[in-house]
Structures are given as C-alpha cells and as structure tokens.
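Visitor: Residue numbers (the working numbering): 780 to 1388.
Even glycine gets a Cβ: it sits at the ideal position worked out from N, Cα and C.
Bear in mind the structure is a predicted one, so any value in this text is a computation, not a measurement.
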Amino acid sequence: MQATLRTVFTLGVVVVCAAGCDGCNKEKPYTPFGVASATEHPESPPDAAPPEPDAEVKPPAFTTRSATVAPAGAERFVVGGRELKAPDGRVFERALAADFDQDGQNEVVAWTIPKLHALTTSPGELWLYPSGGATRKLLALPGFVPTGPACKHTPVLTQTGLRSVTLDVAAACTTTLLGRAPTRSISVVAPLSERPLVLTLRVAEGTQTEPFALTLDSTDRDGDGRDDVRLSVTQLPVCTSTTGAGCTPDKTTKDATATVVWLDRAAGISRDATEPARSLGLLAAAELNRSKRRGADVVRGVAQVRRLMGTLCAEGATARVFEAEGSMLKCGPLAVIVERLLVAEVQSALANKEPRRALAALERDGWYFGRVPDKRRAELEKSALAGVTRIDPKETRTPLALPPRSVAPRWSPLGFEAPGALLAQTTQGVVRIGDNGVPTPVDPEAGVSSWPLEITTASGQRPTHVVTPCDRSDVYLRLVGGDGGELPSPTSGLLAPRPGACAGSNGPSLVVVPLGEKNGSLALSVSGENLGSELTRADISLRPRVWGSPSSPDGRRSVVPTSLGLWVDGGDKPELWRTSGGPLTDCTVSDGANAVACVGAGAVRLFRR
780 MQATLRTVFT
790 LGVVVVCAAG
800 CDGCNKEKPY
810 TPFGVASATE
820 HPESPPDAAP
830 PEPDAEVKPP
840 AFTTRSATVA
850 PAGAERFVVG
860 GRELKAPDGR
870 VFERALAADF
880 DQDGQNEVVA
890 WTIPKLHALT
900 TSPGELWLYP
910 SGGATRKLLA
920 LPGFVPTGPA
930 CKHTPVLTQT
940 GLRSVTLDVA
950 AACTTTLLGR
960 APTRSISVVA
970 PLSERPLVLT
980 LRVAEGTQTE
990 PFALTLDSTD
1000 RDGDGRDDVR
1010 LSVTQLPVCT
1020 STTGAGCTPD
1030 KTTKDATATV
1040 VWLDRAAGIS
1050 RDATEPARSL
1060 GLLAAAELNR
1070 SKRRGADVVR
1080 GVAQVRRLMG
1090 TLCAEGATAR
1100 VFEAEGSMLK
1110 CGPLAVIVER
1120 LLVAEVQSAL
1130 ANKEPRRALA
1140 ALERDGWYFG
1150 RVPDKRRAEL
1160 EKSALAGVTR
1170 IDPKETRTPL
1180 ALPPRSVAPR
1190 WSPLGFEAPG
1200 ALLAQTTQGV
1210 VRIGDNGVPT
1220 PVDPEAGVSS
1230 WPLEITTASG
1240 QRPTHVVTPC
1250 DRSDVYLRLV
1260 GGDGGELPSP
1270 TSGLLAPRPG
1280 ACAGSNGPSL
1290 VVVPLGEKNG
1300 SLALSVSGEN
1310 LGSELTRADI
1320 SLRPRVWGSP
1330 SSPDGRRSVV
1340 PTSLGLWVDG
1350 GDKPELWRTS
1360 GGPLTDCTVS
1370 DGANAVACVG
1380 AGAVRLFRR
C-alpha cells in the first residue's frame, strides 16, 4: 500500500498548462439561464496578476541528468573519469558529475550513507568534490524525514539546472505515522554557490483519493546567473482501486497542475507572488468555459481543482507540501478562483437540466476556500430556480415527544399513509395527525405499528456518522456491523470542506437524508450529493415501501430540505416549498405531494398546499 499511495516525483524542465483548457482563451464563455454577470472575467488571471517573471527571459536550453548509482558498500567510486573516496565512516550511494561553473572541468556531487557499523552518524549526506580543492559537505538529510529500522529511504539525485541539482529523499515506513506528516525532503542545491542550499521542501504522502505528482526544474528564469526554482504540483486522477501493481486511475478525470516559483537573488530567495493563484485561475477558467456545454463533466473537473488546492494551499489547512521550517504555502488571492468554480458547477448543472444539483452546489457555497459575493450568489439562485414552481404552503405545528436524534443517520419517525394521513412515532407510541394538527393515538391492534428508525442493511451494516476528513479529500459514511468499513462518495464525489473543521473551527452543517438500499449498499444524500448507490426513481417506486424515507408511499415524489425551503421532486416540474422558522429534518412527502411533514423547532411541522 505504501508504494501504491506514494506521491510521484519527476524531475525535469516542464511547461505547465491548465488541465482541460482546450483552447480556453479562444472563446469567451456565455452565461445562459439569466446570470448575466456570472462569467465576467473568464480569461483574466485572478486580481490582474502581473506576468510571470520568466515571461521576458527565456531560460537556456537544458536537459536533466540523473546520478549514477554506486555499487553497494562502495568506499571508492569512479565518476566522470575521477576516482572518489568516500568521507570517513561513509559509503557512496550515488553521484553525479557536471560542469557547474562552465569552466570545462567537471565537479561531482555525491550522496553518501553510513557504513553498516556507523549507523549513529547522519543517515544521508550530500558532498561536493570540486574540480580543485578540498571536498566539503553540502547538506545532511533533514531531521523531519523519518528514520530508523522501520523506514527505508529512496534517494533521487538529478541535475535540474545548469548550476544546480535536486535531491529528493523519500522514506517508506512500516510503522504508522501521523496524518500528513512529511516523509520526503526535496532540496535544490547550487554546489558552487556561496549559499549552496537554494531551497528545501517537506512533502507528505498523497492518498488514494488525492494522489499527486511533483515536477521541479531549477533553471535560471530571470537571466541573473542564479538558478531559480519552479515547482509544478499535479493532482492525479483518483484511484478507483489499488493492487500490488499500483493505482488504477479514474479515466474520466484529467490531471490538474499549478505552479509555485521561487527566484534566487543575491539577497536571498523569494516567492513569485503571482503563483500559484495565476495557474489555479486558469484551471478554474477552463472549467468555466466547459460548463456551458451540455454533457461536459465539469463536476469532476471542479472537484479536481479543489483537490489540488487542498493539496497545495495553506488556506485549506490540509496541504501536503511545506516550506523548510514546516509552514504551508499560501496560494492567495483565491476569491476569483472560488467564484469561477462555483459558477461553473451551477452553470453546468443547469446546462444538463439538473436544477437540483445546481441548488445543491449553492448549498455548499462556503465549503471550499470561501464564499462568493452576495450579489453573485443571488444571481445564481435566480438562475437555479428559474424553472422551479414555488409553493407557499399552509403550516400546522404539533409539539410531540419524538425519539431523540443522534449523529447516526436514521429513518424519519414520520410517514404518510397511502390515503394521505400522517403517522408519527413518539416515545409513547404511534399517533395519527389530522389536518388540524391534533394527534390521535393509534391502537397497535388496528394493524398500524411502528417501524424501525435505525438503518440496517441486508448484510447487517449500520451507519454511525458521516465523516468530513482532513487526512483525505472525500466525504464518507462510517459503517459498523456486517463487514463494517465505510461507504465512499463516487469519484465525482462530495469533497470534504476546506478548511472547515481542519482549521480548528466548526465545519459546515451537513444535511444527511437516507434514501434506501440497492444491491446491498445504502444510498444517502449528503448536502445534495449521493453517497453509495445511485437510486433511480424506478428503484424507489418498484421496491417495497421504506417507512420513514423521504419518498411518498408510491415512490413517485421525494423531498429534501434546503436552506431556501423544501425541494419536492417527481412531478412535472420540481417545486420549492418556502418555509420559515428554522432548519427542518426527517422530512417525508405524501402521494401527489399534497403534503410534506418534517421535524423542526421541537414539533412535527405539517405543510399542505
């Protein structure tokens, strides 16, 4: 599993482009559905970012070169025509010869490890063998890289610039490490510089739901004779399965790449302030451009950009790439990117005639790196509800002692009989609630009994709670009993909020609605997205009725609470029943959607047309 989930590291000069941006600057996206200003700036980088620092100075042509691996236990090693002797107590692991000062003579950098009898010394050191003069140590393996008998180190030494090399050392440990704990060191070194260490990064492993790759080049970007650093972070497709051979990627998802640039100057190294906001903005613009086309799988593209932001950006509080001292990399400003991604989600859902998904995307506004401005949100809501019938129902409230809720999803204690009367389970038994809101006890001998509220699948699994993790990107449902385990979201998935609770505050509230079971797997709606099986209308209407589900007795109508009201589906047009008085849970609907019942404010709340 370690080998399967490890991040991929490729060294070389790369040209980064926005994933999925097929000519993304060739046509300006229009905004259907009445959102006139929803795509005002699809082609402009966020906050009018200035050009990249390498826009006017083209780096000289350079081809990366890999080090030569030494024989095991080599105290002497011939590299570039020179025989080298390892420092006392150490042996060569690999070495690389290059003319770092272009004077016609090669220097050698060598990665060394302790002899077997000298394990108390540094587990790894990079040494310089100049063309003339004494050898000297350039750096030692940083202390944050895990060491010990349970950890194996895999080094990669590559010349990535005319004057610089990159040393990548990854640790694979059989012991359990803390989530997102760095296990790799990536150092860019200019061996002949008065300040050899240009940059060090800490890197934590990716996971099955957020694998990523790093690509680095250290060519001189601004022509000042010092090698700079350009790091490209690529979010790879989610693994649909893992085997001994590695990850089987989701073929419907594309890579997404953002870059971070550091410039090495005489006064020291500094970040280019335009990145990665600029490259992230291009990715978001590409999804915005695609969202106008019906059938484009923008949901996966948007999710991929958000995963990338979670991997890279300090603003998400879950980054896996850190600076030398352990701080996460800030990506800001992100406001324009956040807005583009939400507009793309909503616009794509409406282009595919899925207003419920458009509204669900708006329900999650604020989940990912910030909220859109109020004016833009109002425009998007107007578009999402353009084809929806709005209902202002009459309401009656019946205070009852209902079974208490827990964090575990459950079936509703409310259910309509086929004729239209509402039944409610209380702590004292089942009652029937009339149109006037008055409850009447139901005699169990009359053939009407309670139904189980605890959800149990045919295999004996029971859901305990929905998890919005910080150590992986996808929301999932924890299960106990039967085979136990977890119920994941689809690969297009429902992503965990960022930063949400990962920054130490309360995360957004979840609207969890159990839908039913199919092929032995539960189906739930979590804040508008499905977990587990995908239930169709036919699946619900053809199966035996599940009491306490959000569906009507005949399975033709369903109801889901939203912040704007009750979304009632299954008729000729979707309906939004506008309510007030606080959040609602445990909703169910009658045949023909003549009535909807929910729990809220300590009462059974019955809504009728």
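For ASP880, which beta-bridge partners are listed by DSSP?
Guide: DSSP lists no partner for ASP880.
Visitor: Going by C-alpha to C-alpha distance, which of CYS1018, VAL944, LEU1294, ARG1086 sits closest to ASP996?
Guide: Cα-wise, what sits closest to ASP996 is VAL944.
Visitor: Can you tell me whether ASN1068 is buried or exposed, with buried defined as 16 or more other CB within 10 angstroms of its CB?
Guide: Buried, because 16 or more other Cβ atoms sit within 10 Å of the Cβ of ASN1068.
Visitor: Give the DSSP-derived three-state secondary structure of GLN1204 in the structure shown.
Guide: Of the three classes helix, strand and coil, the one that applies to GLN1204 here is strand, per DSSP.
Visitor: What's the gap between the Cα of VAL1338 and the Cα of ARG1135?
Guide: Cα to Cα, VAL1338 sits roughly 11 Å from ARG1135.
Visitor: Thinking ASP1007 and ASP1043 are a contact (beta carbons under 8 Å), I'd like their distance in whole angstroms, please.
Guide: Their Cβ separation, rounded to whole angstroms, is 5 Å, which keeps ASP1007 and ASP1043 in contact under 8 Å.
Visitor: For SER1330, is the classification buried or exposed, using 16 other Cβ atoms within 10 angstroms of its Cβ as the cut-off for buried?
Guide: The residue is buried, with at least 16 neighbouring Cβ atoms inside 10 Å.
Visitor: Which two residues bound the contiguous beta strand (DSSP E) that contains GLY852?
Guide: Here the beta strand (DSSP E) through GLY852 covers 847-853.
Visitor: Name the residue from GLY1213, VAL1186, PRO1220, ALA1180 whose alpha carbon lies nearest to the alpha carbon of THR1206.
Guide: Considering only alpha carbons, the answer is ALA1180.
Visitor: Spatial neighbours of TRP1326 within its chain, please: CB distance less than 6 Å, with the 5 preceding and 5 following residues excluded, ordered by chain position.
Guide: GLY1194, TRP1230, listed in sequence order.
Visitor: Using the C-alpha atoms, what's the distance from LYS1109 back to ARG1057?
Guide: Between ARG1057 and LYS1109, the C-alpha separation is close to 13 Å.
Visitor: Whole beta strand (DSSP E) runs in the stretch 1019-1099 with 3 or more residues, listed along the chain?
Guide: With a minimum length of 3 residues, the continuous beta strand (DSSP E) runs that stay inside the stretch 1019-1099 are 1025-1028, 1035-1044, 1047-1050.
Visitor: Taking 8 Å as the cut-off, decide whether the C-beta atoms of VAL1017 and THR988 are in contact.
Guide: Contact: yes.
Visitor: Check whether the stretch 1304-1313 and the stretch 1251-1261 are in contact - that is, three or more C-beta pairs closer than 8 Å.
Guide: Output reads yes: the stretch 1251-1261 touches the stretch 1304-1313.
Visitor: If I follow the unbroken alpha helix (DSSP H) through ALA1114, where does it start and stop?
Guide: First-last of the alpha helix (DSSP H) with ALA1114: 1114-1130.
Visitor: Taking its Cβ as the centre, do 16 or more other Cβ atoms sit within 10 Å of PRO1293, making it buried, or is it exposed?
Guide: Counting Cβ neighbours within 10 Å, PRO1293 comes out buried, since at least 16 surround it.
Visitor: Is it right to say VAL977 is buried, meaning 16 or more other beta carbons lie within 10 angstroms of its own, or is it exposed?
Guide: It counts as buried.
Visitor: In whole angstroms, give me the CA-to-CA distance for ALA1197 and VAL1117.
Guide: If you take the alpha carbons of ALA1197 and VAL1117, they lie about 45 Å apart.
Visitor: Report the three-state DSSP secondary structure of LEU1355 (helix, strand or coil).
Guide: In this structure, LEU1355 counts as strand in the three-state DSSP scheme.
Visitor: Please state whether DSSP places ARG1387 in a helix, a strand or coil.
Guide: The answer is strand: DSSP assigns ARG1387 an E or B state.
Visitor: Looking at the structure shown, is ALA1157 part of a helix, part of a strand, or coil, going by DSSP?
Guide: Helix.
Visitor: What's the gap between the Cα of GLY1208 and the Cα of SER1020?
Guide: About 47 Å.
Visitor: For the alpha helix (DSSP H) containing LEU1294, name the first residue and the last one.
Guide: Per DSSP, LEU1294 belongs to no alpha helix (DSSP H); it is in the beta strand (DSSP E), 1291-1297.
Visitor: Should the stretch 1164-1182 be called in touch with the stretch 1287-1304, which here means at least 3 C-beta pairs below 8 Å?
Guide: Touching, no.
Visitor: By Cβ distance, which residues of its chain are closer than 6 Å to ARG1336, with the 5 residues on each side in sequence left out?
Guide: Excluding sequence neighbours, ARG1336 sits near GLY1349, VAL1368, ALA1372.
Visitor: Reducing DSSP to helix, strand and coil, say where GLY1194 ends up.
Guide: Strand, per DSSP.
Visitor: In three-state terms, what does DSSP make of PRO1329?
Guide: Reduced to three states, the DSSP call for PRO1329 is coil.
Visitor: If you follow the alpha helix (DSSP H) that PRO1134 is part of, which residue opens it and which one closes it?
Guide: Where PRO1134 is concerned, the enclosing alpha helix (DSSP H) stretches over 1134-1142.
Visitor: Going by DSSP in three states, PRO808 sits in which element: helix, strand or coil?
Guide: Confidence at PRO808 is low in this model, with a pLDDT of 33, below 50, so the placement of that residue should be treated as unreliable; the coordinate-derived value is given next. Residue state, collapsed to three classes: coil.
Visitor: Helix, strand or coil for SER1162, going by three-state DSSP, please let me know.
Guide: Helix at SER1162.
Visitor: Is VAL1078 a contact residue of the ligand PLP, with contact defined as CB to any heavy atom under 7 Å?
Guide: The ligand PLP is not among the ligands present in this structure, which contains no ligands whatsoever.
Visitor: Beta strand (DSSP E) containing VAL1338: first to last residue?
Guide: Its beta strand (DSSP E) spans residues 1337-1341.
Visitor: Exposed or buried, THR1358, counting other C-beta atoms within 10 Å across all chains shown (16 or more means buried)?
Guide: THR1358 is buried by the Cβ-count criterion.
Visitor: Taking the Cβ atom as the reference point for each residue, do ALA889 and VAL924 lie within a distance shorter than 8 Å?
Guide: Cβ atoms of ALA889 and VAL924: not closer than 8 Å.
Visitor: Tell me the DSSP bridge mates of PHE991?
Guide: Answer is GLN1014.
Visitor: Once the 5 residues before and after VAL1221 are set aside, which same chain residues still bring their CB inside 8 Å of it?
Guide: The residues are LEU1202, GLY1208, VAL1209, VAL1210, ARG1211, VAL1227.
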